[in-house]
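2 protein chains.
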Amino acid sequence: MEILQYFQQRTAVWLDMPPNARTETMTEPKTAGETGDLREGEVAVRLPERFDASLYYIGRIHTPWKRREDCPKNPRESDALCTIVLEPRWIGGLQGLETVSHVVVLYWMDKARRDLVLQAPHHYREPRGTFALRSPVRPNPIAVSVARLIRVEGNRLFVSGLDCVDDTPLLDIKPYFASTDSVPDALVGWHAGLKTE
Amino acid sequence: MEILQYFQQRTAVWLDMPPNARTETMTEPKTAGETGDLREGEVAVRLPERFDASLYYIGRIHTPWKRREDCPKNPRESDALCTIVLEPRWIGGLQGLETVSHVVVLYWMDKARRDLVLQAPHHYREPRGTFALRSPVRPNPIAVSVARLIRVEGNRLFVSGLDCVDDTPLLDIKPYFASTDSVPDALVGWHAGLKTE
Numbered sequence: 003m004e005i006l007q008y009f010q011q012r013t014a015v016w017l018d019m020p021p022n023a024r025t026e027t028m029t030e031p032k033t034a035g036e037t038g039d040l041r042e043g044e045v046a047v048r049l050p051e052r053f054d055a056s057l058y059y060i061g062r063i064h065t066p067w068k069r070r071e072d073c074p075k076n077p078r079e080s081d082a083l084c085t086i087v088l089e090p091r092w093i094g095g096l097q098g099l100e101t102v103s104h105v106v107v108l109y110w111m112d113k114a115r116r117d118l119v120l121q122a123p124h125h126y127r128e129p130r131g132t133f134a135l136r137s138p139v140r141p142n143p144i145a146v147s148v149a150r151l152i153r154v155e156g157n158r159l160f161v162s163g164l165d166c167v168d169d170t171p172l173l174d175i176k177p178y179f180a181s182t183d184s185v186p187d188a189l190v191g192w193h194a195g196l197k198t199e
Numbered sequence: 003m004e005i006l007q008y009f010q011q012r013t014a015v016w017l018d019m020p021p022n023a024r025t026e027t028m029t030e031p032k033t034a035g036e037t038g039d040l041r042e043g044e045v046a047v048r049l050p051e052r053f054d055a056s057l058y059y060i061g062r063i064h065t066p067w068k069r070r071e072d073c074p075k076n077p078r079e080s081d082a083l084c085t086i087v088l089e090p091r092w093i094g095g096l097q098g099l100e101t102v103s104h105v106v107v108l109y110w111m112d113k114a115r116r117d118l119v120l121q122a123p124h125h126y127r128e129p130r131g132t133f134a135l136r137s138p139v140r141p142n143p144i145a146v147s148v149a150r151l152i153r154v155e156g157n158r159l160f161v162s163g164l165d166c167v168d169d170t171p172l173l174d175i176k177p178y179f180a181s182t183d184s185v186p187d188a189l190v191g192w193h194a195g196l197k198t199e
């Protein structure tokens, strides 16, 4: 409620990135001007003047889906085999991973704009806050997906349970610990009230 | 086995970051020269010449632990109340989050070196690959923690289940969906064979 009032006093802001935030070696954040207009109820904010930390792409994820609209709506909707190809530099980091049944895969959704705080995804009726959604659109478009690890071959991991587009940049792989990562009774209240489509 | 052979042909590489990867606005990766020597069995690699993408710190996490050695060994070891303070710019993104029981918190472990592929943590006997461990030391030191959301007050989230040091930079907050994030029977084989200390 408070948050809504806060935004009722404001209008959407569409901005390009400040020039000092651009460098040749980085992926530039996508903003409204580059990726299309806002939907009704969506709110964009001005992005910070500068970045605070930087990432390496450590590999690529290969999936059967070439375009975002082809992807499953969530990772459990598909059993498709996907391949994570790690840059050879990091191959030593895989030692011991073959004993793990599930991995947490972090990847970079490089096509997503970063300036929306309220979003109105097509499949939900009303706009919601970015941090209440798993949308790729967020200040730091890092996806977290749990995948079943089928096998490791050299610098390749064969997994199922990913839903990203082909050639998505990989940021990290972690072992999934049921003791700390699994909360079977967790609830997303706003979502529980929706019919699944 | 293959991976071990690969490293037996190599020696540890200790390098500063290449100068073209440094900018004033970024956190510089920590390497051996800055953060101390390698332990027996540990292997460092040369970091890539350049970064691929960049992050905003969107807030800070406040916890009772001032130094890394004071932190719980994992998030379920403590029920301490922690506070996530979101930068006011992003407050709109919290709308709807109050209906969520658990959140996935992404944060940046800015004190960690980034160049190790084999690590020998104090509490385990043998070195293991970075991607088989949840150590902060990794090419992209992004932590993923599941926390119980107690309440939201303005730009503050009160949570339990975090284990990071006070003032840790926040990268993202996501709703935890049991349907896709919870795998109660996941197994970490190398860990299952160890006694818990």
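Going line by line, the protein sequences match chains R and S. First residue of the first sequence: 3, per our numbering; consecutive thereafter. First residue of the second sequence: 3, per our numbering; consecutive thereafter. Backbone N, C-alpha and C fix where the C-beta goes; we use that ideal spot for every residue, glycine too.
Here's a check: name, in chain order, each residue in its chain whose Cβ is nearer than 7 Å to the Cβ of residue i, leaving out the five neighbours to either side.
i, result
"R/PHE160", "LEU83, THR85, ILE152 and ARG153"
"S/PRO90", "ASN157"
"S/TRP192", "ARG130 and ALA134"
"S/ALA180", "none"
List the residues of chain S whose Cβ lies closer than 7 Å to the Cβ of residue i, in chain order.
i, result
"R/VAL185", "HIS104, VAL148, TYR178, ALA180 and SER184"
"R/ARG130", "GLN97 and GLY98"
When the Cα of residue i is compared with those of the options, which residue comes out closest?
i, options, result
"S/VAL102", "R/SER56, R/GLU128 and R/LEU135", "R/LEU135"
"R/VAL87", "R/TYR59, R/ARG48, R/SER184 and R/GLY195", "R/TYR59"
"S/ARG116", "S/TRP192, S/GLY191, S/GLU44 and S/LEU49", "S/LEU49"
"S/TYR109", "S/GLY131, S/PRO143, S/ARG91 and S/GLU89", "S/PRO143"
"S/GLY95", "S/VAL148, S/ARG150, S/PRO129 and S/PRO177", "S/PRO177"
"R/GLN97", "S/ASP81, S/VAL106 and S/LEU120", "S/LEU120"
"R/HIS124", "R/ARG158, R/LYS75, R/TRP192 and R/GLY156", "R/LYS75"
"R/VAL190", "R/GLU79, R/ARG130, R/ALA46 and R/ARG70", "R/ARG130"
"S/PRO171", "S/ARG41, S/ASP183, S/PHE179 and S/VAL146", "S/VAL146"
"S/ARG140", "R/SER80, R/ILE93 and R/HIS193", "R/ILE93"
"S/GLU42", "S/LEU173, S/TYR126 and S/GLU79", "S/TYR126"
Of all the CB atoms in chain S, is at least one closer than 7 Å to the CB of residue i?
i, result
"R/SER80", "no"
"R/ASP54", "yes"
"R/VAL154", "no"
"R/THR101", "yes"
"R/LEU120", "yes"
"R/LEU108", "yes"
"R/PRO20", "Reliability fails at R/PRO20, whose pLDDT of 38 lies under 50, so the model's placement of it is uncertain and the value that follows must be treated cautiously. No, R/PRO20 does not count as interfacial toward chain S."
Who are the near neighbours of residue i in its chain, counting only those whose CB is closer than 6 Å to its CB and skipping five residues on each side?
i, result
"S/PRO138", "MET111 and ALA114"
"R/ARG70", "VAL167"
"S/LEU196", "none"
Quick one: list the residues of chain R neighbouring residue i, beta-carbon separation under 7 Å, in chain order.
i, result
"S/GLY43", "Those do not exist, as S/GLY43 stays about 11 Å from chain R at its closest Cβ, beyond 7 Å."
"S/ARG2", "Outside the displayed span of chain S (3 to 199) sits residue 2 of chain S, for which this structure offers no information."
"S/LEU40", "Within 7 Å Cβ-Cβ: nothing; S/LEU40 doesn't reach chain R, min ~13 Å."
"S/TYR58", "PRO50, PHE53, ASP54, PRO141 and ASN142"
Does any C-beta atom of chain C lie closer than 7 Å to the C-beta of residue i?
i, result
"S/GLY61", "Chain labels in this structure do not include chain C; the protein chains are R and S."
Assuming contact is defined by CB atoms lying nearer than 7 Å, are residue i and residue j in contact in what I supplied?
i, j, result
"R/GLU175", "S/PHE133", "The sequence given here has Ile at residue 175 of chain R, not Glu. Cβ atoms of R/ILE175 and S/PHE133: closer than 7 Å."
"S/ALA149", "S/VAL185", "no"
"R/ALA188", "S/LEU57", "no"
Answer with yes or no whether the minimum CB distance from residue i to chain R is below 7 Å.
i, result
"S/ALA127", "Checking the sequence, you will find Arg at residue 127 of chain S rather than Ala. Output row for S/ARG127: interface = no."
"S/THR65", "no"
"S/THR170", "no"
"S/VAL47", "yes"
"S/PHE160", "no"
"S/ALA134", "yes"
"S/ALA188", "yes"
"S/ARG91", "yes"
"S/MET28", "Note on S/MET28: pLDDT 43, under 50, position unreliable in the model; no value is reported."
"S/LEU196", "no"
Using a Cβ-Cβ cutoff of less than 8 Å, which residues in the same chain neighbour residue i once the five nearest sequence positions on both sides are dropped?
i, result
"R/ASP169", "ARG62, ILE63 and HIS64"
"R/CYS73", "THR65, TRP67, ASP165, CYS166 and VAL167"
"R/LEU99", "VAL105, LEU151, VAL154, LEU159, ILE175 and PRO177"
"R/GLU44", "ALA14, LEU118, LEU120, GLN121, ALA122 and PRO129"
"S/ALA194", "none"
"R/ASP183", "VAL106 and VAL148"
"R/GLU79", "ASP165"
Cβ closer than 8 Å: which chain R residues qualify as neighbours of residue i?
i, result
"S/SER112", "The question names Ser, but residue 112 of chain S is Asp in the sequence shown. Those within 8 Å of S/ASP112 in chain R are ALA55."
Please tell me whether, using a cut-off of 6 Å, the distance from the CB of residue i to the nearest non-hydrogen atom of the ligand HEM is below it.
i, result
"S/GLU42", "Absence of the ligand HEM from the depicted structure is noted, as is the absence of any ligand whatsoever, leaving it without description."
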